[in-house]
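Each remark here refers to the structure printed beneath this line.
There are 2 protein chains.
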Amino acid sequence: MLKRERQAYIVHQVNLHNKVLSNSLSTEIDVSEDTIRRDLLELSEKGKLIKVHGGALSHSFHDITYPAKKVYAKNNKRIIAEKAVKLIKEGMFILTGGGTTIIELARSLPLDLSATFISGSIPAIVEYMHHPNIDVIVIGDKLSKNSKITLGADALARIKTLKPDLCFLGINAIDIEHGITDNDWDVVQLKQSMIASSRKVVCLTIAEKINTIQPIHVTDLSKIDILITELPNDHPILQPFVAAGVTVL
Amino acid sequence: MLKRERQAYIVHQVNLHNKVLSNSLSTEIDVSEDTIRRDLLELSEKGKLIKVHGGALSHSFHDITYPAKKVYAKNNKRIIAEKAVKLIKEGMFILTGGGTTIIELARSLPLDLSATFISGSIPAIVEYMHHPNIDVIVIGDKLSKNSKITLGADALARIKTLKPDLCFLGINAIDIEHGITDNDWDVVQLKQSMIASSRKVVCLTIAEKINTIQPIHVTDLSKIDILITELPNDHPILQPFVAAGVTVL
DNA sequence: GCTGCTTATGCACTTTTTTGCAATTTTTAT
DNA sequence: ATAAAAATTGCAAAAAAGTGCATAAGCAGC
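From first to last, the protein sequence lines stand for chains A and B.
The first sequence lines up with residues 1 to 249 when you count with the numbering used here.
The second sequence lines up with residues 1001 to 1249 when you count with the numbering used here.
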């Protein structure tokens, strides 16, 4: 059995049963436990599973165990959120994606803001729900366990029927040459659809992700109206984006 | 059972019952009490629970900032939930509404159950999301602040396209003469649509609501397959429903 | 074919983790 | 106060992980 084949089998087993044991995999595939361990190490580095003593667990299992995960770069995300909040005016229709930056934005909204928020992100919806004057429109479809947003043809179709004033997008990689890129096919579809529908597109990202590239192209910079990072807008790293016509806050 | 898996189970149990006993966990998982104690120690260091003499308590129990809001007749609802869980078989498509009884049902689902749950209730979706093997389909539409479920034409249209095996409905009033009645026009639309689409309709209610009436008619008893209350099924108050052809659990 | 290179795998060995047990101390309840 | 239950501590055995190395397999270029 080839290495790739073996690793694919392991990932399949993890997704199926949510756990695998090193020693049973070893007898099952008939390789040494060392090899299995090395496979598990590689796969966990790629984020396909969570390696634990004696085997591995699926990612979704890990989420259950530790739902109160600490948010990376939380302070920076709060700075970003506060800049983003200023763009929101009473009565606007606002489309948002998911991700920790968007959640931080949702938490930073003034309690008495009255506006309409549209999203397929369950954590974001839960936050919007707590605001008495915010109307929430839920985008329905199959819920993705990883990203906790609804993904699929239904969601795409619904977004196409909307024309929100503003779209807030948390992004994973942005680059002056390639624009916005990402690593999940379905999420990319959704983001493209959101960008196409919205009057104004606002991208939120921590500076760390600037000038990084992911494998799938989402959109080039021309479709982006505003870019928000935690840095001051005269920071050198941001100047190429200003030159490309993006408003940087 | 892997260590992490065991700890995940303990956290799940704590969140579910608000307390766990070291010795019952020990016999349940079949490891020594020492091991359980060590797990509880680790979990409490991570802030997942509060370790006390003889076991552990859930954090929400002691956390002053987030007092566990008391659900009316919670114990009865748990009894109902546990009867309802028995109806669920692997791989089923299950449509559920909202309400505290349904949430209790969601919390009582076996951790490893694999099935597909369809709902527009945000609190229910959040619960389903925590189960690694449950696929969640979100019904989108405008979110009602009161009931925390999506309501509207879109939701109705989507439900009409489904044919779930089972439908769990928390109900507000049931009466031998008028059947099921309710007090919110939009919710009634939704419930009617859910009933019409499903192969089997299961109604959940605390006994207190039996023989009460609300202003809007949802459906008569003939459409109801199963009625679940916290009472034993030979209780006198339930007999008229048995006579009317409803299976009472 | 062969050679040199990288990659993959298994083995022997050491280290770490996990777990259960016994002895002792602390806490709880009667 | 005294007995029972639970916690702590130290320790040892077993399982798993990590490490270094030798062998084997695959592959480009000659």
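Idealized CB from N, CA, C, for every residue including glycine.
Check: At the level of alpha carbons, what is the spacing between T1116 of chain B and P236 of chain A?; Outcome: 50 Å
Check: Which residue from A:I10, A:I213 and A:V218 puts its Cα closest to that of L41 of chain A?; Outcome: A:I10
Check: Within this structure, are the beta carbons of L156 of chain A and S119 of chain A separated by less than 9 Å?; Outcome: no
Check: Helix, strand or coil: how does DSSP classify S1121 of chain B here?; Outcome: strand
Check: For T27 of chain A, go through chain B and note every residue whose CB falls closer than 8 Å to its CB, in chain order.; Outcome: By Cβ distance, chain B contributes nothing, its closest Cβ being about 17 Å from T27 of chain A, past 8 Å.
Check: Using 8 Å for Cβ pairs, my map puts H131 of chain A next to L113 of chain A. What's the rounded Cβ distance?; Outcome: 6 Å
Check: Which class does V201 of chain A belong to by DSSP, given the choice of helix, strand or coil?; Outcome: strand
Check: Report yes or no: is there a C-beta of chain A within less than 9 Å of the C-beta of I1216 of chain B?; Outcome: no
Check: Does the Cβ of I1216 of chain B lie closer than 8 Å to at least one heavy atom of the ligand ZN?; Outcome: Ligands are entirely absent from the displayed structure, and the ligand ZN is therefore not among its contents.
Check: Does the region 1141-1158 of chain B touch the region 1072-1086 of chain B, meaning 3 or more C-beta pairs lie closer than 8 Å?; Outcome: no
Check: Ordered along the chain, which non-local residues of its own chain (more than five positions away) have a Cβ less than 8 Å from that of I1064 of chain B?; Outcome: Because I1064 of chain B carries a pLDDT of 38, less than 50, the predicted location of this residue cannot be relied on, and the following value inherits that uncertainty. Excluding residues within five positions, none has a Cβ falling inside 8 Å.
Check: Determine whether the Cβ of K19 of chain A lies closer than 9 Å to any Cβ atom of chain B.; Outcome: yes
Check: Which residues in chain B have a C-beta closer than 8 Å to the C-beta of G140 of chain A? List them in chain order.; Outcome: G1120, I1137, V1138, I1139, G1140, D1141, T1150, D1154, A1155 and R1158
Check: With 8 Å as the C-beta to C-beta threshold (strictly closer), list the residues of the region 93-127 of chain A near chain B in chain order.; Outcome: G120, I122, I125 and V126
Check: Hey, how far is the Cα of G219 of chain A from the Cα of K86 of chain A?; Outcome: Looking at the sequence shown, residue 219 of chain A is not Gly but Thr. Approximately 25 Å between the Cα atoms of the pair.
Check: From this set, B:N1211, B:V1187, B:N1023 and B:G1047, which residue's C-alpha is nearest R1037 of chain B's C-alpha?; Outcome: B:N1023
Check: Just checking: is the beta-carbon of M194 of chain A within a distance shorter than 9 Å of some beta-carbon in chain B?; Outcome: no
Check: Can you check DSSP and say which residues form a bridge with G170 of chain A?; Outcome: A:L204
Check: Tell me the DSSP secondary structure of N1052 of chain B in three-state form.; Outcome: Note on residue identity: the sequence assigns Val, not Asn, to residue 1052 of chain B. Looking at V1052 of chain B - three-state DSSP - the assignment turns out to be strand.
Check: For the region 222-239 of chain A and the region 198-208 of chain A, state whether three or more C-beta atom pairs, one from each stretch, are separated by less than 8 Å.; Outcome: yes
Check: If contact means a Cβ-Cβ distance below 7 Å, which residues of the region 42-59 of chain A contact chain B?; Outcome: V52, H53, G54, G55, L57 and S58
Check: Express the C-alpha separation of L221 of chain A and G179 of chain A in angstroms, rounding to a whole number.; Outcome: 5 Å
Check: Helix, strand or coil: how does DSSP classify E1101 of chain B here?; Outcome: Checking the sequence shown, residue 1101 of chain B turns out to be Thr, not Glu. Helix, per DSSP.
Check: Are the region 1003-1019 of chain B and the region 90-99 of chain A touching, with three or more C-beta to C-beta distances below 8 Å?; Outcome: no
Check: Look up A8 of chain A in the DSSP assignment and say whether it is helix, strand or coil.; Outcome: helix
Check: Starting from I36 of chain A, trace the alpha helix (DSSP H) both ways and give me its first and last residue.; Outcome: E33 to E45
Check: DSSP beta-bridge partners for F93 of chain A?; Outcome: A:T116
Check: DSSP three-state label for D154 of chain A, please.; Outcome: helix
Check: For a contact defined as C-beta to C-beta under 7 Å, what are the partners of E1252 of chain B on chain A?; Outcome: This structure gives no information on residue 1252 of chain B, because the portion of chain B shown stretches from 1001 to 1249.
Check: Thinking T1181 of chain B and I1213 of chain B are a contact (beta carbons under 8 Å), I'd like their distance in whole angstroms, please.; Outcome: 5 Å
Check: On the CB-based measure, 16 or more other CB atoms within 10 Å of its CB, does T1161 of chain B come out buried or exposed?; Outcome: exposed
Check: Does the CB of P236 of chain A have a neighbour CB from chain B at under 9 Å?; Outcome: no
Check: For P1067 of chain B, which three-state DSSP category applies?; Outcome: Residue confidence is low: P1067 of chain B scores 36 on pLDDT, short of 50, so the model does not pin down where it sits. Its coordinate-derived value is still stated next. Reduced to three states, the DSSP call for P1067 of chain B is coil.
Check: If we count the other Cβ atoms within 10 Å of its Cβ and call it buried at 16 or more, is N76 of chain A buried or exposed?; Outcome: buried
Check: Could you give the residue range of the alpha helix (DSSP H) that holds T27 of chain A?; Outcome: S22 to I29
Check: What is the DSSP secondary structure of H130 of chain A, reduced to helix, strand or coil?; Outcome: coil
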